[in-house]
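Using the UniProt record's numbering, the letters of the sequence shown map in sequence onto residues 1 to 83.
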Amino acid sequence: MDGKNRDQWLTAMTEELDELNSNDVWKIVMFPRGAHVLHNKWVYKTKTDANGVIERYKARLVVCGNEQVFGVDYNLTLRRSEI
């Protein structure tokens, strides 16, 4: 990662990973050969005050849910009205 805000983004990423680990969001497992593994990506956002000055750098690690395959990764889809 390069850029003038590199240190702030790295700090935000570390905070996100620490939070995910402290909440036991995942565990490392062996997956079968040929298994469909979903990728993840970082999403970055800044929070600014009323004058547009950056107050906080926020990084989120998200799964690429658009890679899911019906019948493989999930079997049921509900609309909000059905919940």
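Note that CB positions come from ideal geometry on N, CA and C, so glycine has one too.
>> If distances are taken between C-alpha atoms only, which option among Arg80, Tyr44, Asn40 comes closest to Thr11?
In response: Looking at the Cα atoms, Tyr44 is the closest of the given residues.
> Going straight from the alpha carbon of Lys47 to that of Glu16, what length do you get?
Replying inline: 15 Å
>> For a quick check, are the C-beta atoms of Val72 and His39 less than 7 Å apart?
In response: Not a contact, by the Cβ cut-off of 7 Å.
>> Can you give me the C-alpha to C-alpha distance between Val63 and Ile54, rounded to a whole angstrom?
In response: Approximately 26 Å between the Cα atoms of the pair.
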